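This report concerns only the one structure given below.
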Amino acid sequence: MKRYLFFAFVLFSITCNAQNLFDLQHTQSFANYLYESGQFKLAAEEYERWLFFQPGNDTASLQLMKSYRKGGLYLEGIAKTKLLFSGNEKMNEPQSKEYSMLLLLNRNFTVVDSFLKTETSFSSVDRDYLLMNENLLQKKWKAAEQIYLNNSNSDLRAFAPYSIVFKSYKELPHRYAGLAMTMSTIIPGTGKIYSGDWKDALFSILLIGASGYQSYRGFESKGVKSAYGWIFGGFSAGLYFGNIYGSYKSAKDFNHRHENELLKKATDLFSINL
């Protein structure tokens with residue numbers, strides 16, 4: 002009988018200890034540990050458990066939103082935030098900023114623009130910082146720079162590193178699509194050379210030249226009745242006009258490529274400052 006009582010006591014103790022592992026204090030500690038160690042998806046699950054114990058807890062809500070953002074789960078974070086504040090609950094400033102970041106990183110520009118302009122919990126400086134990044138992520142460089150200049154004397158240090166972004170934008174190399182087309186109209190392939198696309202340019206020159214020469218040989222041999230001449234002539238004409246469009250596209254691609262490289266720097270800067 003004593004043996005059964007002993008085993009019952011041990012089993013009861015183990016059960017109690019197991020239950021304690023899932024109480025509020027242990028959940029908070031474990032959630033914070035997972036967050037600090039970079040296990041953001043698992044941390045989000047624990048912060049959800051925390052909110053189960055303490056519905057509406059501001060710290061748990063904020064950390065849950067941060068976990069989704071840092072884990073790259075932007076869409077899930079947005080959906081969860083909407084659920085958390087679906088009633089009469091109002092976001093405080095840190096929560097509003099976090100929600101804005103989730104929207105920005107998910108490229109929900111229409112929603113974030115409306116939210117930034119109507120949400121009252123922001124300071125004007127924080128609102129401007131987020132609006133600047135919204136414009137940057139949409140490549141609205143001049144609008145973003147104007148916001149930056151308006152806050153050049155701001156106490157918010159997060160603005161300072163962006164000076165290099167706007168300086169780099171003014172120094173971006175640019176190729177004019179119209180000029181590239183004109184160059185390739187006169188001498189095939191030169192518009193692509195202008196845009197730095199040497200390999201494609203040389204290929205165009207050789208192909209247009211070779212097909213044009215074959216067309217010439219056909220007409221020289223049999224005159225205007227030469228099917229050979231007309232076939233290669235049509236092929237050469239198609240290549241010629243394709244080369245003009247290709248030069249236009251090459252110039253556009255050149256500009257987009259350099260702009261996207263700068264956009265990546267701006268996005269990285271935004272992520273670092275979060």
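In my numbering, the protein residues as written are 2 to 275. The beta carbon of each residue, even a glycine, is placed where N, CA and C say it ideally should be. Predicted model only: the values in this text are computed from it and were never measured.
Query: By DSSP, does residue 141 sit in helix, in strand, or in coil?; Result: coil
Query: Determine the extent of the alpha helix (DSSP H) in which residue 121 is found, giving its start and end residues.; Result: From DSSP, residue 121 is part of no alpha helix (DSSP H); its letter is neither H nor E.
Query: Compare the Cα-Cα distances from residue 79 to each of 93, 97 and 163 and report the closest residue.; Result: 97
Query: Check for me: the alpha helix (DSSP H) holding residue 52 runs from which residue to which?; Result: 41-54
Query: Taking buried to mean at least 16 other C-beta atoms within 10 Å of its own C-beta, is residue 199 buried or exposed?; Result: exposed
Query: Could you please give the first and the last residue of the uninterrupted alpha helix (DSSP H) stretch that includes residue 175?; Result: Residue 175 -> no alpha helix (DSSP H), and no H or E assigned at all.
Query: To the nearest angstrom, how far is it from the Cα of residue 85 to the Cα of residue 269?; Result: 29 Å
Query: Just to confirm before moving on: does the CB-CB distance between residue 103 and residue 55 stay below 9 Å?; Result: no
Query: Output the boundary residues of the alpha helix (DSSP H) element that contains residue 70.; Result: 59-71
Query: Would you kindly work out how many angstroms separate the C-alpha atoms of residue 109 and residue 117, rounded to a whole number?; Result: 12 Å
Query: What is the rounded straight-line gap between the Cα of residue 164 and the Cα of residue 137?; Result: 13 Å
Query: On a Cα-Cα basis, can you pick out the residue from 243, 128 and 231 that is closest to residue 208?; Result: 243
Query: Candidates 170, 68, 196 and 159: which alpha carbon is nearest residue 177's?; Result: 196
Query: Is it buried or exposed, residue 228, if we count other Cβ atoms within 10 angstroms and call 16 or more buried?; Result: exposed
Query: Measuring straight from C-alpha to C-alpha, what distance separates residue 215 and residue 256?; Result: 36 Å
Query: For residue 22, is the classification buried or exposed, using 16 other Cβ atoms within 10 angstroms of its Cβ as the cut-off for buried?; Result: Because residue 22 carries a pLDDT of 49, less than 50, the predicted location of this residue cannot be relied on, and no value is offered for it.
Query: Helix, strand or coil: how does DSSP classify residue 188 here?; Result: coil
Query: Which whole-angstrom value describes the C-beta separation of residue 169 and residue 264, a residue pair presumed to lie in contact below a C-beta threshold of 8 Å?; Result: 11 Å between Cβ atoms; not a contact.
Query: For residue 249, collect the residues of the same chain with a Cβ closer than 7 Å to its Cβ; drop the 5 residues on either side in sequence, then sort them by chain order.; Result: 178, 181 and 182
Query: Alpha carbons only, please: which of 252, 66 and 157 is nearest the one belonging to residue 95?; Result: 66
Query: Would you decide whether residue 131 is buried or exposed? Buried here means 16 or more other CB atoms lie within 10 Å of its CB.; Result: buried
Query: Using only the alpha-carbon positions, how far apart do residue 190 and residue 135 sit?; Result: 39 Å
Query: Taking 7 Å as the limit between beta carbons, can you name the residues of its chain near residue 31, skipping five residues before and five after?; Result: 47
Query: Within its chain, find whatever has a CB closer than 6 Å to the CB of residue 253; leave out the 5 residues flanking it on each side and keep chain order.; Result: 178
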